[in-house]
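Just so you know, the protein sequences line up as chains H and R, in that order. So the first sequence is numbered by my numbering: it starts at 46 and just counts up by one. So the second sequence is numbered by my numbering: it starts at 46 and just counts up by one. Below: one structure, written as structure tokens.
There are 2 protein chains.
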Amino acid sequence: MRVLIMGAAGMVGQKLLSRLENADTGLGNISRIYLHDMVPANTASWSGESEVLVGNIAEAAEMQKLADLKPDLIFHLASIVSGEAELEFVKGWQVNMAGSWAFLEALRQHHEDSGGSYVPKMVFTSSIAVFGAPFPDKISDEFLCAPQTSYGAQKAIIELLISDYSRKGYMDGISIRLPTICVRPGKPNLAASSFFSGIIREPLNGVEAILPVKDDVRHWHASPRSAAGFLTHAASMDLSVLGSRRALNMPGVSCTVAEQIEALRKLAGNDVVSLIKPQLDDHIVKIVAGWPRNFDTQRSVQFGFKSESSFEEIIKIYLEDDLPKASA
Amino acid sequence: MRVLIMGAAGMVGQKLLSRLENADTGLGNISRIYLHDMVPANTASWSGESEVLVGNIAEAAEMQKLADLKPDLIFHLASIVSGEAELEFVKGWQVNMAGSWAFLEALRQHHEDSGGSYVPKMVFTSSIAVFGAPFPDKISDEFLCAPQTSYGAQKAIIELLISDYSRKGYMDGISIRLPTICVRPGKPNLAASSFFSGIIREPLNGVEAILPVKDDVRHWHASPRSAAGFLTHAASMDLSVLGSRRALNMPGVSCTVAEQIEALRKLAGNDVVSLIKPQLDDHIVKIVAGWPRNFDTQRSVQFGFKSESSFEEIIKIYLEDDLPKASA
Numbered sequence: 046m047r048v049l050i051m052g053a054a055g056m057v058g059q060k061l062l063s064r065l066e067n068a069d070t071g072l073g074n075i076s077r078i079y080l081h082d083m084v085p086a087n088t089a090s091w092s093g094e095s096e097v098l099v100g101n102i103a104e105a106a107e108m109q110k111l112a113d114l115k116p117d118l119i120f121h122l123a124s125i126v127s128g129e130a131e132l133e134f135v136k137g138w139q140v141n142m143a144g145s146w147a148f149l150e151a152l153r154q155h156h157e158d159s160g161g162s163y164v165p166k167m168v169f170t171s172s173i174a175v176f177g178a179p180f181p182d183k184i185s186d187e188f189l190c191a192p193q194t195s196y197g198a199q200k201a202i203i204e205l206l207i208s209d210y211s212r213k214g215y216m217d218g219i220s221i222r223l224p225t226i227c228v229r230p231g232k233p234n235l236a237a238s239s240f241f242s243g244i245i246r247e248p249l250n251g252v253e254a255i256l257p258v259k260d261d262v263r264h265w266h267a268s269p270r271s272a273a274g275f276l277t278h279a280a281s282m283d284l285s286v287l288g289s290r291r292a293l294n295m296p297g298v299s300c301t302v303a304e305q306i307e308a309l310r311k312l313a314g315n316d317v318v319s320l321i322k323p324q325l326d327d328h329i330v331k332i333v334a335g336w337p338r339n340f341d342t343q344r345s346v347q348f349g350f351k352s353e354s355s356f357e358e359i360i361k362i363y364l365e366d367d368l369p370k371a372s373a
Numbered sequence: 046m047r048v049l050i051m052g053a054a055g056m057v058g059q060k061l062l063s064r065l066e067n068a069d070t071g072l073g074n075i076s077r078i079y080l081h082d083m084v085p086a087n088t089a090s091w092s093g094e095s096e097v098l099v100g101n102i103a104e105a106a107e108m109q110k111l112a113d114l115k116p117d118l119i120f121h122l123a124s125i126v127s128g129e130a131e132l133e134f135v136k137g138w139q140v141n142m143a144g145s146w147a148f149l150e151a152l153r154q155h156h157e158d159s160g161g162s163y164v165p166k167m168v169f170t171s172s173i174a175v176f177g178a179p180f181p182d183k184i185s186d187e188f189l190c191a192p193q194t195s196y197g198a199q200k201a202i203i204e205l206l207i208s209d210y211s212r213k214g215y216m217d218g219i220s221i222r223l224p225t226i227c228v229r230p231g232k233p234n235l236a237a238s239s240f241f242s243g244i245i246r247e248p249l250n251g252v253e254a255i256l257p258v259k260d261d262v263r264h265w266h267a268s269p270r271s272a273a274g275f276l277t278h279a280a281s282m283d284l285s286v287l288g289s290r291r292a293l294n295m296p297g298v299s300c301t302v303a304e305q306i307e308a309l310r311k312l313a314g315n316d317v318v319s320l321i322k323p324q325l326d327d328h329i330v331k332i333v334a335g336w337p338r339n340f341d342t343q344r345s346v347q348f349g350f351k352s353e354s355s356f357e358e359i360i361k362i363y364l365e366d367d368l369p370k371a372s373a
């Protein structure tokens with residue numbers, strides 16, 4: 046089986062590669078992995094054959110090249126993040142929507158050219174940003190998409206495209222709506238959600254962190270380890286069980302920023318917590334106010350997706366998987 | 046005010062034009078109406094200034110030309126219908142999605158060029174085909190979009206685009222999800238829903254009509270007169286009341302095919318009803334099985350949208366508005 050990872054240089058892409066190497070994912074034999082991103086992806090955690098590809102997913106010609114690889118399994122993790130898509134409207138739509146549509150069209154053409162035998166499997170990382178306030182206490186599997194960012198609208202549109210291309214049999218796709226992934230290793234990024242990780246990661250590394258929202262903000266989290274697990278589970282599933290609803294809310298942990306901070310205090314102490322500096326940022330406050338806080342993820346749990354059950358557990362995973370590397 | 050109607054040659058476009066001429070729509074003075082479609086639109090029912098434009102909405106250059114008119118108010122009714130979009134996949138996406146996105150982009154560019162002063166109002170006719178089974182007894186205003194046709198997916202995507210462009214202030218848009226419009230005057234079309242009108246219209250005109258589904262199929266209807274009323278009401282509303290949810294389920298009448306037939310019997314007698322010939326069509330049965338049956342349209346009713354309250358009333362409107370013309 047030949048696998049393509051789009052967005053392979055990103056944090057989730059790298060976690061996925063490591064999981065494909067180290068865990069029994071039920072995916073069978075992978076003969077080759079194509080790693081695509083804007084910058085060369087690190088292949089250190091993969092011992093099999095690989096090919097590093099660099100290019101821009103906003104360009105139809107680039108998407109044609111990727112489709113021409115005729116991968117059996119595609120992990121589509123590539124996008125610009127919410128904060129950037131909000132600031133750069135045209136770029137956001139080109140990268141996060143137009144490129145993906147061009148890719149689906151190129152895949153469909155290969156399906157047609159093959160007489161219908163080429164039906165690639167695709168796992169697309171969507172986001173809880175497809176939802177917008179007002180919300181019920183818990184968002185059900187039947188709640189409407191009402192995005193309040195361009196990023197969320199772009200994700201919702203690709204979900205609809207993947208569902209329709211799959212319904213027609215051109216591909217076999219699933220969109221998994223990731224919780225905010227926390228604790229992200231590495232540096233802050235332009236995502237409006239970046240601080241949810243920053244207030245844990247920076248203090249644990251002895252660095253101050255800005256908290257740009259009030260601590261009663263409730264949000265929905267899962268670890269990078271869970272994100273990689275969602276992806277491989279989705280890839281190994283028989284997707285026909287999804288029927289016509291191929292976008293799934295992933296399980297996660299609902300907690301407030303105050304609860305995040307208390308979990309950090311319990312595991313790392315007051316001195317670490319004292320490195321969190323509250324400083325409201327209206328731009329971030331406004332974006333985050335439209336985001337979901339809690340879910341009732343019956344379908345994804347029924348289909349075997351698993352996450353952490355407390356934020357403490359999420360911090361422990363950061364300590365196990367990432368902190369040693371950061372200080373190494 | 047300059048008004049553009051896209052899809053002006055179609056049945057709803059013509060009903061809209063007639064309503065703009067004859068009813069007090071609260072829209073103020075219309076200095077000129079641009080009537081765009083694939084074929085020249087009839088202007089007979091409009092006594093003011095008008096301009097007939099012919100072109101294909103799948104072409105970006107055509108969309109640029111329409112945006113260059115800088116209309117103050119746009120009624121976007123143009124699409125290919127569900128049955129055709131299902132049979133011609135590529136054409137469906139080009140006409141029903143790509144063209145509309147190109148149009149929004151061209152309007153946004155005019156907004157930018159005007160220093161932000163040009164903010165056109167747009168009323169887009171979406172459809173209950175954005176929904177897909179399984180359904181609750183009544184679909185609420187917060188129920189997910191899960192289209193089971195390409196047409197439904199295309200409508201849901203344009204809704205998301207219009208919401209995002211409106212959120213950013215580039216335009217001021219609303220998407221109204223029309224019930225199946227019934228009784229359509231004129232000839233059958235390629236829409237999978239065409240028979241809902243055909244089984245009433247053809248018998249009333251002394252012609253046999255095929256019923257391609259079982260008579261226990263329940264569906265959601267409104268008259269052409271209501272459709273025109275929804276459009277002008279949407280155009281005259283202050284859309285800020287919608288908040289970030291700019292797609293609205295329109296009110297309608299929920300009834301079974303058997304109830305449609307009984308209403309026809311009551312108004313026109315057994316001889317007319319005997320012209321309905323049941324003949325199952327698996328293609329139609331399959332599409333219709335995924336369609337909504339009933340709604341709880343709290344929001345649109347709250348915002349002043351009005352429909353009929355029985356199918357008998359819907360037939361009477363056909364007799365009043367359209368049958369005389371058909372036999373004239």
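Quick reminder that beta carbons are idealized off the backbone N, C-alpha and C, glycines included. In this text, all values refer to a predicted model and were calculated from it rather than measured experimentally.
| If we count Cβ pairs, one from each stretch, closer than 8 angstroms, do we get three or more for the stretch 158–169 of chain H versus the stretch 96–109 of chain H? | no
| message | According to DSSP, simplified to helix, strand and coil, what is residue 145 of chain H? | response | Residue 145 of chain H: helix per DSSP, three-state reduction.
| query | Who are residue 300 of chain H's beta bridge partners in DSSP? | reply | H/264
| message | Please classify residue 132 of chain H as buried or exposed, where buried requires at least 16 other C-beta atoms within 10 Å of its C-beta. | response | exposed
| task | Report the residue from H/231, H/195, H/178 and H/302 whose alpha carbon sits nearest the alpha carbon of residue 188 of chain H. | result | Selected option, being the one with the closest Cα: H/178.
| said: Measuring straight from C-alpha to C-alpha, what distance separates residue 250 of chain R and residue 310 of chain R? | reply: 14 angstroms
| What residues in the stretch 210–228 of chain R have a beta carbon less than 8 angstroms from any beta carbon of chain H? | 212 and 213
| For the beta strand (DSSP E) that contains residue 120 of chain H, what are its first and last residues? | Looking at the DSSP string, the run of the beta strand (DSSP E) that includes residue 120 of chain H is 118–121.
| query | If you run the structure through DSSP and keep just helix, strand and coil, what is residue 198 of chain H? | reply | helix
| What did DSSP end up calling residue 357 of chain R once you bin it into helix, strand or coil? | helix
| Coarse secondary structure for residue 259 of chain H, derived from DSSP in three states | Residue 259 of chain H falls in the coil class under three-state DSSP.
| query | What are the boundary residues of the alpha helix (DSSP H) that residue 322 of chain H is part of? | reply | Per DSSP, residue 322 of chain H belongs to no alpha helix (DSSP H); it is in the beta strand (DSSP E), 321–323.
| task | Pick helix, strand or coil for residue 125 of chain R, following the three-state DSSP scheme. | result | coil
| Contact with chain H by residue 353 of chain R, beta-carbon distance below 8 angstroms | no
| message | Taking beta-carbon pairs under 7 angstroms, can you tell me which members of the stretch 271–293 of chain H lie near chain R? | response | Within the stretch 271–293 of chain H, the residues whose Cβ lies closer than 7 angstroms to some Cβ of chain R are 289 and 290, listed in chain order.
| How is residue 372 of chain R classed by DSSP in three states: helix, strand or coil? | Note on residue 372 of chain R: pLDDT 49, under 50, position unreliable in the model; the coordinate value appears next. If DSSP states are grouped into helix, strand and coil, residue 372 of chain R belongs with the helices.
| field | Residues of the stretch 98–120 of chain R with Cβ closer than 7 angstroms to any Cβ of chain H, in chain order | value | none
| task | Tell me, please, whether the stretch 347–357 of chain H touches the stretch 302–309 of chain H by the rule of three or more beta-carbon pairs shorter than 8 angstroms. | result | yes
| residue 319 of chain H: buried (16+ other C-beta within 10 angstroms of its C-beta) or exposed? | exposed
| query | Taking just the CA atoms, how far does residue 295 of chain H sit from residue 127 of chain H? | reply | 19 angstroms
| query | Given that residue 191 of chain R touches chain H, what residues does it touch there, using C-beta distances under 8 angstroms? | reply | 208, 289 and 290
| Does the stretch 62–81 of chain H touch the stretch 224–240 of chain H, meaning 3 or more C-beta pairs lie closer than 8 angstroms? | Touching, no.
| task | Taking the CB atoms as reference points, tell me whether residue 121 of chain R and residue 51 of chain R lie closer together than 8 angstroms. | result | Closer than 8 angstroms, so yes.
| said: Using CA atoms only, rank isn't needed, just tell me which of H/77, H/237 and H/199 is closest to residue 118 of chain H. | reply: It is H/77.
| Rounded C-alpha distance that separates residue 373 of chain R from residue 253 of chain R | Reliability fails at residue 373 of chain R, whose pLDDT of 42 lies under 50, so the model's placement of it is uncertain and no value is given.
| said: Suppose the cutoff is 7 angstroms on Cβ atoms and the five residues either side in sequence are ignored; what does the same chain contact list for residue 371 of chain R look like? | reply: Below a pLDDT of 50, predicted positions are generally treated as unreliable, and residue 371 of chain R, at 48, falls in that range; the measurement from the model is reported next regardless. Within the same chain, Cβ atoms closer than 7 angstroms to the Cβ of residue 371 of chain R are found at 230 and 250, the five residues on either side in sequence being excluded.
| request: For residue 51 of chain H, name the three-state secondary structure that DSSP assigns. | output: Strand at residue 51 of chain H.
| query | What separation, rounded to the nearest whole angstrom, lies between the Cα atoms of residue 47 of chain H and residue 180 of chain R? | reply | 38 angstroms
| message | Buried or exposed for residue 325 of chain R, going by 16 or more other Cβ atoms inside 10 Å? | response | exposed
| Name the chain R residues that come within less than 9 angstroms of residue 195 of chain H, Cβ to Cβ? | 209, 212 and 213
| task | Tell me the start and end of each unbroken alpha helix (DSSP H) in the stretch 55–111 of chain H that is at least 4 residues and wholly inside, in chain order. | result | If only complete runs of 4 or more residues are kept, the stretch 55–111 of chain H shows the alpha helix (DSSP H) at 56–67, in order along the chain.
| request: Out of H/317, H/293 and H/332, point me to the one whose CA is closest to residue 346 of chain H's CA. | output: Of H/317, H/293 and H/332, the residue nearest in Cα terms is H/293.
| Within-8 angstroms CB hit, residue 201 of chain R to chain H | Closer than 8 angstroms: yes.
| Contact residues within the stretch 155–180 of chain H, judged by C-beta distance below 7 angstroms to chain R | 177
| said: Does the CB of residue 133 of chain R have a neighbour CB from chain H at under 8 angstroms? | reply: no
| field | Terminal residues of the alpha helix (DSSP H) in which residue 243 of chain R lies | value | Segment 239–249, the alpha helix (DSSP H) holding residue 243 of chain R.
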